[in-house]
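Heads up: the structure comes next, in C-alpha cells.
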Amino acid sequence: MPHTEHRKKTLRKAREANEINRARRSSVRKALREARTNADAGTSTPAAMSAAVKRIDKPAEYGVFHQNKASRLKSRLAKAANRAKSAKK
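Structure representation (C-alpha cells):
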C-alpha cells in the first residue's frame, strides 16, 4: 500500500480509471456482439452499423485500446456484414 498522500491519490485515480475503462471495453464488446448477431441474421442496417462503429471509436479516442485495434474491429465487422449481405442474395 502507498504511504504518501500523492501515491494514495494516484492509486485512487488508477482504480477509478480502471472501472471506467472496464465499462467502456464492455460497451464495445456488447456493441460488437449485437452487430455480429444482426449481421449473421441479415438484419443489419446502416444505422446499426454506424452506432456500433461509434461505440468502437469513442473508447479508442480515450486510449482504452489502440486506434489500430479499433480499425481492425470495424474492418472485421464490416466484412462480416458484407459477407452476410452477399450470402443473403
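End of the sequence shown sits at 231 in my numbering; the numbers just go up one at a time, nothing left out.
We put the beta carbon where it would ideally sit given N, CA and C, even for glycine.
Selection R225, K227, L219 and A226 evaluated against R175 yields L219 as nearest (Cα-Cα).
DSSP places T146 outside both helix and strand once states are collapsed to three, so it counts as coil. A contact is defined here as three or more CB-CB pairs under 8 angstroms, and the segment 178-189 fails this definition with respect to the segment 146-154. Shortest Cα-Cα distance from T187 to any of P201, N224, R171 and I198 involves N224. Under the 10 Å beta carbon count, I198 is surrounded by 16 or more other beta carbons and is classified as buried. Nearest to R167 by C-alpha distance, out of A202, N210 and A226, is A202. Take the alpha-carbon of K230 and the one of K221: they are about 14 angstroms apart.
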